[in-house]
Every structure is written in C-alpha cells, then in structure tokens.
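For reference, the structure discussed in these notes is given below.
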Amino acid sequence: MSAELAADSVEAVGSTDEAAHETGTTAPAASEHILGLRERIDQIDRDLIALWKERAAISQEVGRTRIASGGTRLVLSREREILERFRQELGADGTQLALLLLRAGRGPL
Numbered sequence: 232m233s234a235e236l237a238a239d240s241v242e243a244v245g246s247t248d249e250a251a252h253e254t255g256t257t258a259p260a261a262s263e264h265i266l267g268l269r270e271r272i273d274q275i276d277r278d279l280i281a282l283w284k285e286r287a288a289i290s291q292e293v294g295r296t297r298i299a300s301g302g303t304r305l306v307l308s309r310e311r312e313i314l315e316r317f318r319q320e321l322g323a324d325g326t327q328l329a330l331l332l333l334r335a336g337r338g339p340l
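All residue numbers for the sequence shown refer to our numbering, where the first residue is 232 and numbers rise by one.
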C-alpha cells in the first residue's frame, strides 16, 4: 500500500471514529441524518426556552395585576385546569411539566 493510500485510510478511519463518537453510528448516511435531526432538536430547544421565559413573564404579570387589584395570589381552579390540560395531552410527564411551568410563573408555594 502506498503512503498516500495509507494516509487516506487512516483519515477515513479517524473520521468514521469521530462520527461514531458524535452520533453513535459509523454509517455515514445515518450519521448525517442524525446530525440533521439534532439540529432541529436544538432549534426546538431554543424555541422552548424562549417560550418558557415568555410564559413565565406573562404569568408573573397576571399575578401582579391580580394582587394589585385586591385579588388573590393564586387561582387554584386555573392551576387545576392547566394541570389537567397537560395531563390529558402528555400523561404523567405532562403533569410534571405543568407543575414546573406553574412554579416558573408564580414562584414556589
């Protein structure tokens, strides 16, 4: 084997090892597909974080407005409605997610 072919083989193995480390597979097409899917996941994560922050800010404003007008700190029926909506759509994990969202908007009880 020529030195040039040997270098190409080592480079190919190195890039295959790198792809396997990064994506969990050495198959080039699968690795490329996984990387594309991960890009979309990362964008969804960025969107979720932005929406989380926006939701929390709006919820905090609702609470401040309610308290400033002489209302209660919490409206438990509204919280139960949100919990139920998330539970119906996402099951037990949805309930946990809703609890986190509610806490982000109103703070811990």
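Using N, Cα and C, we set each Cβ at its ideal position, and we do this for glycine too.
None of the values given here were measured: they were computed from a predicted structure.
When the beta-carbon positions are compared, Ile265 and Thr254 come within less than 8 Å of each other. Secondary structure note for Arg271: its alpha helix (DSSP H) is the uninterrupted segment Pro259 to Ala299. Secondary structure at Leu307: helix, using DSSP grouped into helix, strand and coil. Between Gly325 and Ala287, the gap from beta carbon to beta carbon reaches 8 Å or more. With a threshold of 16 other beta carbon atoms within 10 Å, Leu333 meets it and is buried. When the beta-carbon positions are compared, Phe317 and Leu328 come within less than 8 Å of each other. With respect to the C-alpha of Glu310, the residue from Leu340, Arg269 and Thr257 having the closest C-alpha is Leu340. By the neighbour-count criterion, in which 16 or more other beta carbons inside 10 Å mark a residue as buried, Ser262 falls on the buried side. Pro259 has its alpha-carbon roughly 25 Å from the corresponding atom of Asp276.
In the DSSP annotation of this structure, Leu340 is not part of any alpha helix (DSSP H), being labelled neither H nor E.
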